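Chemist: Mapped onto full-length UniProt numbering, the consecutive letters of the sequence shown carry residue numbers 1 to 542.
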Amino acid sequence: MPFSIRQNLHRPEVKSELNKYLSNRHIIIIHVDFTSREAHILLEYTNRSSLDTEPAIYLALKHLPGRTFKDCCHFYSDGAKVSPTPSYIELSTSQQPPPQTVQPRSLLELRQLAKGLSSRGINNQLRSNSLWRVRPWKHCTRSSGDVVDIAITNTHFALASVTSNDVYNQTGALMIGDFEQEQLSILNNHTITVYNGDQPETRYASVSDVKFSHDESLLFSGSYDSTIKIWTPSGQLVNSVNDHASKITMMATSSIGPRIFAATTDHGVTFVYNVSSDASELTRHEFNCYMPDMHGSFLTFGQSQNAKYLFCGYSCYTHDVKREDDKITGGALQYYDLENGSCTRIIPGGQSIESIFVHERGSLVTGSTFYNGLETRVRLFSSPSQGCKRMTEFDSAQKELHVVTISPCERFITASGNLSCTEVWDVRNPDKIMTLLKHGAPKIINQPDQQLQDYDPGVAAATWYNSDFLSGGSDGCVHVWDLLKSDPFKFTLHEQGTIIQSIAVSPDNNKIIVGGTREASFLSLGIHQNIGYFTIKEQEIY
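1) Going residue by residue through the region 379 to 440, where are the continuous alpha helix (DSSP H) segments of at least 4 residues, counting only ones entirely within it?
2) Determine the direct distance from the alpha carbon of residue 334 to that of residue 340, and round the result to whole angstroms.
3) Could you confirm whether any beta carbon from chain C is found closer than 8 Å to the beta carbon of residue 464?
4) Unbroken beta strand (DSSP E) runs of length 3 or more, entirely within the region 213 to 292: which are they?
5) Going by C-alpha to C-alpha distance, which of 473, 392, 486 and 485 sits closest to residue 493?
6) Note down the Cα distance separating residue 44 from residue 58, rounded to an integer number of angstroms.
7) Quick check on DSSP: helix, strand or coil for residue 102?
8) Between which residues of its own chain and residue 282 is the CB-CB distance below 8 Å, once the five residues before and five after are set aside?
9) When we look at the beta-carbon of residue 378 and count the other beta-carbons within 10 Å, is it buried (16 or more) or exposed?
10) Exposed or buried, what is residue 200 when buried is set at 16 or more other beta-carbons lying within 10 Å of its beta-carbon?
11) Secondary structure at residue 35, three-state DSSP: helix, strand or coil?
12) Could you give the distance in angstroms between the alpha-carbon of residue 463 and the alpha-carbon of residue 470?
13) Check for me: the beta strand (DSSP E) holding residue 444 runs from which residue to which?
14) Residue 196 by DSSP, collapsed to three states: which one?
15) Quick check on this structure: which residue in 301, 254, 261 and 219 has the alpha carbon closest to the alpha carbon of residue 155?
16) Which first and last residues belong to the beta strand (DSSP E) in which residue 353 is found?
17) With the cut-off set at 8 Å, would you say residue 207 and residue 185 are in Cβ contact?
18) Need the endpoints of the beta strand (DSSP E) that residue 60 sits in, please.
19) Go through its chain and collect everything with a Cβ distance to residue 295's Cβ below 8 Å, but skip five positions before and after it.
20) Can at least three beta-carbon pairs, one atom from the region 353 to 362 and one from the region 289 to 306, be found at a separation below 8 Å?
21) Identify every run of the alpha helix (DSSP H) within the region 137 to 175, keeping only runs that are complete inside it and at least 4 residues long; order them along the chain.
22) Just to confirm the assignment, what range does the beta strand (DSSP E) spanning residue 184 have?
23) Per DSSP, residue 479 is paired with what?
24) Determine the extent of the beta strand (DSSP E) in which residue 134 is found, giving its start and end residues.
25) Do you know whose CA, among 410, 205, 407 and 360, lies nearest residue 143's CA?
26) Go ahead and pull the three-state DSSP assignment for residue 69.
27) Starting from residue 523 and walking both ways along the beta strand (DSSP E), at which residues does that stretch end?
28) Could you give the distance in angstroms between the alpha-carbon of residue 457 and the alpha-carbon of residue 259?
29) Once DSSP output is grouped into helix, strand and coil, what is the label at residue 304?
30) Which of helix, strand or coil does DSSP assign to residue 295?
31) Residue range of the beta strand (DSSP E) that residue 539 falls in?
32) Assuming contact is defined by CB atoms lying nearer than 8 Å, are residue 162 and residue 502 in contact in what I supplied?
33) In three-state terms, what does DSSP make of residue 78?
34) Consult DSSP for residue 484 and reduce its assignment to one of helix, strand or coil.
35) Going by CA-CA distance only, name the one from 488, 245, 498 and 421 that's closest to residue 396.
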């Protein structure tokens, strides 16, 4: 109470916050507590000798919002002769706001520091915006053919090249480089011996795939010479696996172990290797496709908790005598469990599998074709833990699908192919293409006796850079897209004079390599003084 009450007063006291509650219940309020300020104002007016009590209360009411004449009369009858005490407690009649959660930093500060709940979205936005600062750094023109595969770490890289012919007399099928030393080594160990009459000739074989081990201590290269060679990042050959019956078509590495990789062959046999730290010892397991006469067309491991699963895509070709070429007549799809050694068939998978993409959460998407593009489909499957059930599928108008992907948010499905565009679907509306990401005219010589889609690869390279989508086409351009916008095109990241075959981004997102026909371009976020070419070192065959 703001004022002490004399001993001989025994009237009950009722708080003013009960006014509304008691007014409808026929209860007479005989006292309402006043704050010290209200009591001071009321007593100041009533103690004036020139005014009577009643007029003084009316004058005081002008300065007491929320108080009634009866409230003031009740208080004056109880406390007109009392004086304030120094130990009073002032009671507030207003409602207290709800308590706030105590945080070490404000939400605004956390957003500015890219921490807390908003950190992932902010970091993605910052990394995406960093693409504007990517600049050309190095250029390489020593590739022997199309740079179809790129392996990249934060410190090293490797380039694999193929041509339409399996063998040729030009070096540069396999190159390994060092970003820090700005040095590029040409490795000439993938060779094939052919006979020109009675004279043997050594020719250089196409290298179909290159992969760094998960611990980045070794490099694996698979070639059309039916061998897999193991290198150190500096380019030293430490082992060679020569017991494959046919050429290596694709490889993949797993994060379940430091040096586990898999390779598939032209005859459909898939091998899984576990390599020792010095690469002197290898343990191997092999398995075949559940369908005969299959060609290993695609190979990839799952991510994070699905790293133990190896997804294998196959194609079946039959020779068309009239057309004098191979016709795609079917395919197969399965996954291999590294822990228990079992193979599981994925249905439907009877079409030629051209591309597989596994999301970090386990879902996977496949791009497949049948009868040389007569029917092309993109299928979305659930994770292996959920049985790899088909969730939905999309019909594509393209004859060939080079790359299929799932966006990091799992909302968009992309399919890049030979029509120089990328088809984009929203998984919530699979019956309609959401948008087309188109590239320009190809930088290749026109073939008057053939249709353009028969020799134009279109968009052969595509990848995600955080929330942005990167696509490289036969127009020699790498475009950056934002699929969340009605106009998804953002800008052209890079342009070169040849068809783009591959794109790779370093784990720290600081470097991007673009592979083309007989060339590769290196883009970087850093500030470099030596812009131009790498120092070339060509190794002898041994």
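Think of the CB as a built atom: it goes at the ideal place given N, C-alpha and C, for glycine as much as any other residue. The structure presented is a predicted model; accordingly, all values stated were derived computationally and were not measured.
Modeler: The answer reads as follows:
1) none
2) Position 340 of the sequence shown holds residue 340. Position 334 of the sequence shown holds residue 334. Rounded to whole angstroms, residue 340 to residue 334 spans 15 Å at the Cα level.
3) Absent from the structure: chain C. Only one protein chain is present.
4) 219 to 223, 228 to 231, 237 to 241, 248 to 254, 260 to 265, 270 to 275 and 282 to 287
5) Here residue 493 refers to the residue found at position 493 when the sequence shown is read from its first residue. Considering only alpha carbons, the answer is 473.
6) Numbered from 1 along the sequence shown, position 44 holds the residue referred to as residue 44. Numbered from 1 along the sequence shown, position 58 holds the residue referred to as residue 58. Roughly 13 Å separates the two Cα atoms.
7) Position 102 of the sequence shown, counted from the first residue, corresponds to residue 102. Unreliable placement is indicated for residue 102, whose pLDDT of 48 sits below 50; no coordinate value is reported for it.
8) Locating residue 282 in the sequence shown gives position 282, where the first residue counts as 1. Answer for residue 282: 239, 241, 273, 274, 275 and 276, listed in chain order.
9) Locating residue 378 in the sequence shown gives position 378, where the first residue counts as 1. So residue 378 ends up on the buried side.
10) What you label residue 200 is simply residue 200 of the sequence shown in a count that begins at 1. Exposed is the call here.
11) As a first step, residue 35 is located in the sequence shown; it is residue number 35 there, counting from the start. Here residue 35 sits in coil by DSSP.
12) Within the sequence shown, the letter at position 463 stands for residue 463. Within the sequence shown, the letter at position 470 stands for residue 470. Rounded to whole angstroms, residue 463 to residue 470 spans 5 Å at the Cα level.
13) Working through the sequence shown from its first residue, we reach residue 444 at position 444. No beta strand (DSSP E) holds residue 444; DSSP gives it neither H nor E.
14) By one-based count along the sequence shown, residue 196 stands at place 196. Looking at residue 196 - three-state DSSP - the assignment turns out to be strand.
15) As a first step, residue 155 is located in the sequence shown; it is residue number 155 there, counting from the start. Checked all of 301, 254, 261 and 219; the closest Cα to residue 155 is 219.
16) Here residue 353 refers to the residue found at position 353 of the sequence shown. Unbroken beta strand (DSSP E) run through residue 353: 352 to 358.
17) Here the question's residue 207 lines up with position 207 in the sequence shown. Here the question's residue 185 lines up with position 185 in the sequence shown. In terms of Cβ geometry, residue 207 and residue 185 do not form a close pair [threshold 8 Å].
18) Start at 1 with the first residue of the sequence shown, and residue 60 comes out as number 60. Boundaries around residue 60 are those of the alpha helix (DSSP H), 53 to 61, since no beta strand (DSSP E) includes it.
19) Here residue 295 is taken as the residue at index 295 of the sequence shown, counted from 1. 249, 266, 267, 268, 314, 315, 316 and 317.
20) yes
21) none
22) Indexing the sequence shown from 1 puts residue 184 at position 184. Taken as a continuous stretch (DSSP letters only), the beta strand (DSSP E) holding residue 184 covers 183 to 187.
23) For the purposes of this step, residue 479 is identified with residue 479 of the sequence shown, where counting begins at 1. In DSSP, residue 479 forms a bridge with 471 and 492.
24) For the purposes of this step, residue 134 is taken as residue 134 along the sequence shown, with counting starting at 1. No beta strand (DSSP E) holds residue 134; DSSP gives it neither H nor E.
25) Walking along the sequence shown from the start, residue 143 turns up at place 143. For residue 143, the nearest C-alpha among the options comes from 205.
26) Locating residue 69 in the sequence shown gives position 69, counting from the first residue. Correct three-state label for residue 69: helix.
27) Here residue 523 corresponds to residue number 523 of the sequence shown, with the count starting at 1. Per DSSP, residue 523 belongs to the beta strand (DSSP E) from 520 to 524.
28) In the sequence shown, residue 457 corresponds to position 457, counting from 1. In the sequence shown, residue 259 corresponds to position 259, counting from 1. In a straight line, the C-alpha of residue 457 is about 34 Å away from that of residue 259.
29) In the sequence shown, the residue the question calls residue 304 occupies position 304. DSSP places residue 304 in helix when its eight states are reduced to three.
30) Within the sequence shown, numbered from 1, the residue matching residue 295 stands at position 295. Here residue 295 sits in strand by DSSP.
31) For the purposes of this step, residue 539 is taken as residue 539 along the sequence shown, with counting starting at 1. Counting along the chain, residue 539 falls outside any beta strand (DSSP E), and DSSP gives it neither H nor E.
32) If you number the sequence shown from 1, residue 162 lands on position 162. If you number the sequence shown from 1, residue 502 lands on position 502. Not in contact: residue 162 and residue 502 (Cβ atoms no closer than 8 Å).
33) Taking the sequence shown and counting its residues from 1, one reaches residue 78 at position 78. Helix, per DSSP.
34) Counting from one through the sequence shown, the residue named residue 484 turns up at place 484. Reduced to three states, the DSSP call for residue 484 is coil.
35) Walking along the sequence shown from the start, residue 396 turns up at place 396. Nearest option by C-alpha distance: 421.
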